[in-house]
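Undergrad: Okay, handing you the structure first.
Numbering (our numbering), first residue to last: 1 to 275.
Set out below in structure tokens:
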């Protein structure tokens with residue numbers, strides 16, 4: 001397989017619907033953990049896909065409940081995947097290779113495995129960027145089944161979702177339009193990597209956080225917030241020329257507005273350092 005960073009850049013040029021979400025997460029994991037056995041992880045993903053094809057032959061296309069049960073039987077029952085409640089902040093929980101090795105991970109990392117299996121089965125599914133907790137939805141025939149993959153694939157109904165949003169946002173929070181909006185593959189991958197970036201920032205690993213942001217930009221080269229974040233990190237590392245390049249790219253994507261004005265002011269201050 002090609003260099004993982006080159007693979008990420010190729011993924012960055014694909015339309016969202018053509019992204020193989022599990023393979024993309026595998027490339028990100030290879031960059032993050034170059035010593036890990038990515039070939040074994042890839043073989044496991046291929047095995048899951050084959051098992052998903054067999055599942056699909058036994059489950060009606062219009063029975064979302066049966067699909068959810070079959071997926072849980074495969075991923076949780078057969079392969080033992082579960083949410084890591086004991087060491088939630090362990091960076092391994094956001095690295096797909098390590099998640100496959102340990103059979104434990106964050107909601108979004110587990111969700112990628114579920115979405116990979118859903119796609120291989122020929123069913124329809126997507127991620128949900130729910131506040132504080134990534135979810136997976138199966139859809140079809142005008143219906144949707146929302147699943148908590150961190151909780152073994154449990155089906156969540158309106159009272160469950162209401163309780164979840166209150167737990168995250170406080171007792172006054174309520175369900176509102178947009179909370180169950182589908183996420184594309186690229187957005188799911190960015191949420192996965194954002195877990196790594198935030199953990200590195202909290203640990204004071206600024207160079208590592210910048211490297212993670214640069215990998216995110218490889219798969220999402222038109223994401224202006226990431227260019228701004230990269231610029232600010234380069235600025236804190238006193239890498240002035242790199243910071244200016246990132247700010248310039250931000251302005252190509254966001255040429256007007258308050259954010260653009262603040263970026264231009266920051267660029268003027270950086271240029272003064274060069275003089």
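Where a beta carbon is used, it is the ideal one built from N, C-alpha and C, also for glycine.
Here the structure is a predicted model, which means the values were calculated and not measured.
Looking at C-alpha atoms only, which residue of 175, 169, 170, 213 is the closest neighbour of residue 162?
TA: If we check each option's Cα against that of residue 162, 175 comes out closest.
Undergrad: Under a three-way DSSP split, which group does residue 226 fall into?
TA: It is helical.
Undergrad: Give the straight-line distance between the Cα atoms of residue 83 and residue 102, rounded to the nearest whole angstrom.
TA: Roughly 11 angstroms between the two C-alpha positions.
Undergrad: Taking 8 angstroms as the cut-off, decide whether the C-beta atoms of residue 150 and residue 107 are in contact.
TA: The answer is yes: Cβ separation under 8 angstroms.
Undergrad: Here's the rule I'm using: 16 or more other beta-carbon atoms within 10 Å means buried, otherwise exposed. How should residue 203 be labelled?
TA: When all chains shown are included, residue 203 counts as exposed.
Undergrad: Answer yes if the stretch 77 to 92 comes into contact with the stretch 157 to 173, meaning at least three C-beta pairs across the two stretches below 8 angstroms, and no otherwise.
TA: Cβ pair count under 8 angstroms is below three, so no.
Undergrad: Take the Cβ of residue 132 as the centre, count every other Cβ of all protein chains shown within 10 Å, and call the residue buried at 16 or more, exposed below.
TA: Residue 132 comes out exposed.
Undergrad: Only counting runs of 4 or more residues, tell me where the alpha helix (DSSP H) segments fall wholly within the stretch 35 to 111, in order along the chain.
TA: Listed in chain order, they are 38 to 56, 64 to 72, 96 to 102.
Undergrad: From which residue to which residue does the alpha helix (DSSP H) around residue 32 run?
TA: Residues 21 to 32.
Undergrad: According to DSSP, which residues form a beta bridge with residue 148?
TA: Its beta-bridge partners are 154.
Undergrad: Round the Cβ separation of residue 188 and residue 111 to the nearest angstrom and send it over; I've been treating them as touching at under 8 angstroms.
TA: 7 angstroms between Cβ atoms; contact.
Undergrad: Considering residue 261, what are the terminal residues of the alpha helix (DSSP H) in which it resides?
TA: 258 to 274 is the extent of the alpha helix (DSSP H) around residue 261.
Undergrad: Beta-carbon separation of residue 126 and residue 62 under 8 angstroms?
TA: Result no, Cβ atoms of residue 126 and residue 62 do not sit closer than 8 angstroms.
Undergrad: Express the C-alpha separation of residue 230 and residue 44 in angstroms, rounding to a whole number.
TA: Using only the alpha carbons, I get a separation of about 34 angstroms.
Undergrad: If we count the other Cβ atoms within 10 Å of its Cβ and call it buried at 16 or more, is residue 98 buried or exposed?
TA: The residue in question, residue 98, is buried, as its Cβ has 16 or more Cβ neighbours within 10 Å.
Undergrad: Quick one: give me the first and last residue of the beta strand (DSSP E) that residue 254 is part of.
TA: Run containing residue 254: none; DSSP gives neither H nor E here.
Undergrad: My guess is that residue 137 and residue 192 are in contact by the Cβ rule of under 8 angstroms, so how many angstroms apart are they, rounded?
TA: 17 angstroms between Cβ atoms; not a contact.
Undergrad: Can we say the stretch 230 to 248 touches the stretch 30 to 48, given the rule of at least three CB pairs closer than 8 angstroms?
TA: Short answer: they don't touch.
Undergrad: Please report how far the alpha carbon of residue 145 lies from the alpha carbon of residue 205, in whole angstroms.
TA: In a straight line, the C-alpha of residue 145 is about 39 angstroms away from that of residue 205.
Undergrad: If we call anything under 8 angstroms between Cβ atoms a contact, is residue 217 one with residue 226?
TA: Taking 8 angstroms as the Cβ cut-off, residue 217 and residue 226 qualify as a contacting pair.
Undergrad: For residue 55 and residue 70, which I take to be in contact (beta-carbon distance under 8 angstroms), what is that distance rounded to the nearest angstrom?
TA: Rounded, the Cβ-Cβ distance is 5 angstroms, consistent with contact.
Undergrad: Per DSSP, what are the beta-bridge partners of residue 216 in this structure?
TA: DSSP output for residue 216 lists no bridge partner at all.
Undergrad: Using the DSSP secondary-structure output, state which residues sit across from residue 137 in a beta bridge.
TA: DSSP lists 126, 146 as partners of residue 137.
Undergrad: Could you work out which residue in 24, 113, 15, 104 is closest to residue 52 when comparing CA atoms only?
TA: With distances taken between Cα atoms, residue 52 lies closest to 113.
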